[in-house]
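Student: A single structure is presented below for examination.
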Amino acid sequence: MSFLDLKNVTKIYPNGTKAVHETSLSIDEGEFMVFVGPSGCGKSTLLRMVAGLEDITEGDINLDGKLMNEVDPSERDVAMVFQNYALYPHMNVYNNLAYGLKNRGIDKETIEQKVNDAAKLLQISDYLQRKPSMLSGGQRQRVAMGRAIVRNPKIFLFDEPLSNLDAKLRIQMRLEIKKLQQKVGVTSIFVTHDQVEAMTLADRLAVINNGIIEQLGTPIEIYDNPKSLFVAGFIGSPQMNFLDGNLKNKTLSAEGFEIKDVNTEHEGEVTLGIRPEHLVQSENGLINLKVDLVEQLGSDNLVYGQLKNIKDFCYRCPGNQTIEKGSNLSLNIENKKYYIFDKSTGKRVN
Amino acid sequence: MKIKPLQIIAHIILIIGVLLMVVPIWISFASSSHDSVTILTEGMKFHIGDQLARNYNEVLNEKGGWSEEVTAAKMFINSFIMALGIATLKVVISAMSAYALVYYRFKLAVPIFWLIFITLLVPLEVRIFPSYKIVSDLGLTNSYTGLILPLVASATATFFFRQFYKTIPDELLESAKLDGANAWSFFIDFLVPLSKTMIAAMFIFMFVYGYSQYLWPLIMTTAEEYWTVVMGMKIIYTESYEGVALPRTAERFAYIILSMIPPVLVVVFLQKWFIKGLIQTEK
């Protein structure tokens, strides 16, 4: 049995909404697991069930070999960082960090030492006497993490903790969280709707949609090998291009081009997915793109254009290439890196 | 800085308001420093006279009432105890019942809240006979408990605390839960400190409410040692002496001025918290 085990966990709210469907998941000790999905997909609910803040309608949650279903949140030995930090506004930073320890009946000297160690680790030692209202967003974020670290819990739970920060700080804190987790080595679950955050932080990633884990794997596995249309569209930036097509006798015909010898026996209506970064320019390529717009990011150019009836088809090329608006590009798919999904079920077929 | 006409008008209105509040108090104070004869013959005074010390000394120490035993000082103490008891218990009970209503999500919470709220329509004056019957059956007439207890439930304060608690984000409770706080420690460690300005405000209102109670102590107390200031205002110094004595107007004014001091002190003392809460936005 692994460190944290979720077995057929289901959550049905009193009003009948089914937020999480029979989800099973195992997380190893020290692992950094990220739940990613659009808002309202049930990822936060799942996290809150691990924390004990939501009742489990059906199924079991085991943490470190103990059944957690009926255990009070305060007894679970989990720590959580909330989206709005939920710092205690009337306590200074020191007491914010010390409160959980005090409740556990730890003696004063030990508390002081633990708080000071955590503060040092997070570089908030200078603010210990300040109230949360006198701190900046990044400092508050650190205090919230300090409050989690100081208790030395079995598991860290992060509920979209970076979404209140500005873009620059978010990237910085993302890095710090990852470093910190590696240093402290505590099992962590991180919930986010941001796929970049998910990709960068995760040891393993669970892509969740409509209360179901669509796919579970390392970030690179999921990026290289999405199992469904949803996962393919959700992971990767800029988003994968989708084209309607038809499969017959291992030949796929889509918007004005054909791909032969497709690696599938499937036939019928399909959706073809191509990542913008898997396209290369070549003479007599499959795809003819009429360029509408070029976004120059410096390192890369994002080229948006029209392909028959498809608008905003995206192609990503190195930043040193100059591409004129209005020009026609001839593109090929690199190394057969395309994905075919059944149109009705959304499942991958190649 | 340029002063706008609107500001001048606003200030004039405010000054008129202040004068309406302050002038009567000043007249009372000035009149309390003359002797009664002067006031009766010349009317109320605007300037300070020479009888100040004598009048106040007399008011505080003279024994009055039927038994000739109760002093104004004793009545001040009674009123203070009553107001303090009412205000403290009202705040404690309201805060705790609001806590129960907001955080214990039982089905009857909303109907119970409205039931409490409806009691606003039934002030003590309306239920004074049943209340008296209960208190007297319990043998609590002529006691501080009897003076305080029927007045400690407060729909108003419960309502205000409830509204305040509802603005506290759920994450705070959840975070506290994960930090090992139980129901009691969440109340003491979080709600009480967060609502301390609220508590101060409620305490002020309730203290003044308790202090100015008239009808209930009048009905409740037959023994003079439980008389309160407001009752005394009516009773004391009204009896004429030997049928020809003069009304003791100056002493009455002194008594009025003294009776204002305790509530003023409470306001002055708690105002510090009050304003602190207005400046610091901690939520």
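If you read the sequences in order, they're chains A and B. Going left to right, the first sequence walks through residues 0 to 349 as numbering that gives the first Met the number 0 numbers them. Going left to right, the second sequence walks through residues 0 to 282 as numbering that gives the first Met the number 0 numbers them. For glycine and all other residues, C-beta sits at the position ideal for the given N, C-alpha and C.
Thinking P72/A and L96/A are a contact (beta carbons under 8 Å), I'd like their distance in whole angstroms, please.
Tutor: The Cβ separation is near 19 Å, so there is no contact.
Student: Would you say G39/A lies against chain B (beta-carbon separation less than 8 Å)?
Tutor: By this cut-off, G39/A is not an interface position.
Student: Given that F189/B touches chain A, what residues does it touch there, using C-beta distances under 8 Å?
Tutor: What F189/B touches in chain A: Y87, H89.
Student: Looking only at its chain, what residues have a beta carbon closer than 7 Å to the beta carbon of S239/B, apart from the 5 residues adjacent to it on each side?
Tutor: Summary for S239/B: the model assigns pLDDT 49, below 50, so the residue's position carries little reliability; its value from the coordinates is reported in the next sentence. Cβ within range, chain order: n/a, list empty.
Student: List, in order along the chain, the chain B residues whose C-beta lies closer than 8 Å to that of S73/A?
Tutor: Within chain B, the residues near S73/A are K176, L177, D178, G179, A180, N181.
Student: Compile a chain-ordered list of the residues in the segment 98-119 of chain A whose CB is closer than 7 Å to at least one CB of chain B.
Tutor: Of all residues in the segment 98-119 of chain A, Y98, G99, N102, R103 have a Cβ within less than 7 Å of some Cβ in chain B.
Student: Can you give me, in chain order, the residues of the segment 58-83 of chain A that have a beta carbon less than 7 Å from any beta carbon in chain B?
Tutor: Here the close residues are P72, S73, V77, A78, M79, F81, N83.
Student: Using CA coordinates, which residue listed in Q320/A, A197/A, T270/A, L285/A is at the minimum distance from G255/A?
Tutor: Checking every option, the nearest Cα to that of G255/A belongs to L285/A.
Student: With DSSP collapsed to three states, give me the class of P4/B.
Tutor: Three-state result, P4/B: helix.
Student: Among P88/A, Q112/A, L121/A, T109/A, which residue has its Cα nearest to the Cα of K130/A?
Tutor: Cα-wise, what sits closest to K130/A is P88/A.
Student: Can you give me the Cβ contacts of L200/A inside the same chain, cut-off strictly under 7 Å, excluding the 5 residues immediately before and after it?
Tutor: Around L200/A: F31, V33, R173, I176, K177, F189.
Student: Given that S184/B touches chain A, what residues does it touch there, using C-beta distances under 9 Å?
Tutor: Those are N102, listed as they occur along chain A.
Student: For the segment 138-147 of chain B against the segment 164-177 of chain B, do three or more pairs of beta-carbon atoms, one drawn from each stretch, fall closer than 8 Å, so that the two count as touching?
Tutor: Verdict: no, contact absent.
Student: F81/A and A143/A look like a contact to me (Cβ under 8 Å); what is the Cβ gap, rounded to whole Å?
Tutor: About 7 Å; that satisfies the 8 Å criterion.
Student: Please report the distance separating the alpha-carbon of D59/A from that of V290/A.
Tutor: Between D59/A and V290/A, the C-alpha separation is close to 53 Å.
Student: Here's a check: name, in chain order, each residue in its chain whose Cβ is nearer than 7 Å to the Cβ of W272/B, leaving out the five neighbours to either side.
Tutor: Counting only Cβ-Cβ distances below 7 Å, and skipping sequence neighbours, we find K195, T196, A199.
Student: Does T16/A pass the burial test, meaning 16 or more other C-beta atoms within 10 Å, or should it be called exposed?
Tutor: Classification of T16/A: exposed, given that the 10 Å Cβ count is below 16.
Student: Do G136/A and L164/A have their C-beta atoms closer together than 8 Å?
Tutor: Their beta carbons are under 8 Å apart, which means G136/A touches L164/A by this criterion.
Student: Spatial neighbours of G304/A within its chain, please: CB distance less than 6 Å, with the 5 preceding and 5 following residues excluded, ordered by chain position.
Tutor: Around G304/A: L288, K289, V290, D291, F312.
Student: Whose CA, out of E28/A, F2/A, L161/A, G41/A, lies closest to the CA of H20/A?
Tutor: Closest option to H20/A, Cα to Cα, is G41/A.
Student: For my contact list, I322/A and I273/A are in at a C-beta cut-off of 8 Å; report their separation, rounded to the angstrom.
Tutor: Contact flag wrong, Cβ pair sits at about 18 Å.
Student: Report yes if the C-beta distance between N349/A and N262/A is below 8 Å; otherwise report no.
Tutor: In contact: N349/A and N262/A (Cβ atoms closer than 8 Å).
Student: Mind listing the chain A neighbours of L193/B? Cutoff is C-beta to C-beta under 8 Å, in chain order.
Tutor: Result: P88, H89.
Student: Taking all protein chains shown into account, do 16 or more other C-beta atoms lie within 10 angstroms of the C-beta of M201/B, making it buried, or fewer, making it exposed?
Tutor: Buried, by the Cβ-count rule.
Student: Let me know the beta strand (DSSP E) ranges lying completely inside the segment 174-211 of chain A, each 3 residues or longer, listed in chain order.
Tutor: Counting whole runs of 3 or more residues, the segment 174-211 of chain A contains the beta strand (DSSP E) stretches 186-191, 203-208.
Student: Taking CB distances under 8 Å as the criterion, tell me whether L171/B reaches chain A.
Tutor: Chain A, which has a Cβ nearer than 8 Å to the Cβ of L171/B, makes this yes.
Student: Based on the DSSP secondary-structure assignment, which residues constitute the bridge partners of D341/A?
Tutor: DSSP lists V269/A as partners of D341/A.
Student: Under 8 Å between the Cβ atoms of A78/A and L177/B?
Tutor: Their beta carbons are under 8 Å apart, which means A78/A touches L177/B by this criterion.
Student: Less than 7 Å between C-beta atoms, sequence neighbours within five positions excluded: which residues of the same chain meet that for F116/B?
Tutor: If we look at F116/B and ignore the five residues flanking it on each side, its Cβ neighbours are A154, F158.
Student: Would the beta-carbon of Y213/B fall within 8 Å of that of V229/B?
Tutor: For Y213/B and V229/B, yes; Cβs fall inside 8 Å.
Student: Taking 6 Å as the limit between beta carbons, can you name the residues of its chain near V293/A, skipping five residues before and five after?
Tutor: Excluding residues within five positions, the ones whose Cβ falls inside 6 Å are N300, V302, I322.
Student: If you measure beta-carbon to beta-carbon, which residues of the segment 39-53 of chain A are closer than 7 Å to chain B?
Tutor: Of all residues in the segment 39-53 of chain A, A50, L52 have a Cβ within less than 7 Å of some Cβ in chain B.
Student: Which same chain residues, not among the five before or five after A50/A, have their C-beta less than 8 Å away from its C-beta?
Tutor: P72, R75, V77, M79, L156.
Student: Would P37/A be called buried (16 or more neighbouring beta carbons within 10 Å of its own) or exposed?
Tutor: Counting Cβ neighbours within 10 Å, P37/A comes out exposed, since fewer than 16 surround it.
Student: Would you call I8/B buried or exposed, if buried means 16 or more other Cβ atoms sit within 10 Å of its Cβ?
Tutor: The residue is exposed, with fewer than 16 neighbouring Cβ atoms inside 10 Å.
Student: At a CB-CB cut-off below 8 Å, which residues of chain D make contact with P168/B?
Tutor: In the displayed structure, chain D is absent; the protein chains listed are A and B.
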